[in-house]
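A.B. asks: The opening position of the sequence shown corresponds to residue 11 in our numbering, with each subsequent residue numbered one higher. Backbone N, C-alpha and C define an ideal beta-carbon position, used for all residues, glycine too.
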Amino acid sequence: MIEERLFRRLPGLTVAVTLSGGAYRAAAFHAGVLNALDRAKIRVDYLSTNSGGSIVGSYYAVGHTPQQFLDRLKDRPRLPNDFFSIDVVLRDLVWPGYTRGDAYTEHFDRILFAGRRLGEGCWPTLLVNVTDYESGRQKVYY
11 MIEERLFRRL PGLTVAVTLS GGAYRAAAFH AGVLNALDRA KIRVDYLSTN
61 SGGSIVGSYY AVGHTPQQFL DRLKDRPRLP NDFFSIDVVL RDLVWPGYTR
111 GDAYTEHFDR ILFAGRRLGE GCWPTLLVNV TDYESGRQKV YY
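And the structure:
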């Protein structure tokens with residue numbers, strides 16, 4: 011069960027890292043911190059993330075290295091173009107349920123994750139913190 015994994019006791023030192031939002035600059039900083047921890051052979055057990063920190067945290071949790079993320083970041087993938095393309099605007103008009111959030115999901119899936127999904131096999135354990143717009147309550151996905 012996921013709860014057993016989340017609340018397990020780990021032998022030795024347990025390391026938890028929090029990654030906040032802040033767009034590309036914060037993502038680069040977070041990747042640098044994770045890279046320094048990797049080089050120091052400090053194994054991160056838990057990542058708690060929100061907003062942009064969830065992007066680098068998810069990338070790390072599915073098995074990519076922080077350096078790979080930094081290399082991808084240097085490419086500066088066509089982020090704005092994907093969200094304002096005619097394709098996205100037309101889908102917005104034709105399918106009322108389609109949102110810019112869907113465009114973000116498709117973009118990051120294509121340029122970073124290549125269809126990989128978070129699941130039981132991921133290390134470190136990833137906790138993605140969000141706010142539900144309807145209720146205003148915090149939710150944590152893990």
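By DSSP, does residue 206 sit in helix, in strand, or in coil?
C.D. replies: Nothing in the structure corresponds to residue 206, since the chain is present only between 11 and 152.
A.B. asks: I'd like the list of long-range same chain contacts for residue 63, defined as Cβ closer than 8 angstroms, with 5 residues on each side in sequence excluded.
C.D. replies: For the purposes of this step, residue 63 is taken as residue 53 along the sequence shown, with counting starting at 1. Once the five neighbours on either side are set aside, the close Cβ partners of residue 63 are 28, 29, 30, 31, 32, 36, 37 and 40.
A.B. asks: What residues match up with residue 137 in a beta bridge as DSSP calls it?
C.D. replies: As a position in the sequence shown, residue 137 is number 127, starting the count at 1. DSSP lists 58 as partners of residue 137.
A.B. asks: Have a look at the DSSP bridge pairing and note the partners of residue 150.
C.D. replies: Within the sequence shown, numbered from 1, the residue matching residue 150 stands at position 140. Its beta-bridge partners are 139.
A.B. asks: Spatial neighbours of residue 44 within its chain, please: CB distance less than 6 angstroms, with the 5 preceding and 5 following residues excluded, ordered by chain position.
C.D. replies: Reading the sequence shown from its first residue, position 34 is the one you call residue 44. Cβ neighbours of residue 44 beyond the five flanking positions: 70 and 76.
A.B. asks: Near residue 55, what residues of its chain come up, given a Cβ to Cβ distance below 7 angstroms and the 5 sequence neighbours on each side ignored?
C.D. replies: Counting from 1 along the sequence shown, the entry for residue 55 is found at position 45. Hits under 7 angstroms: 20, 24, 25, 26, 134 and 135.
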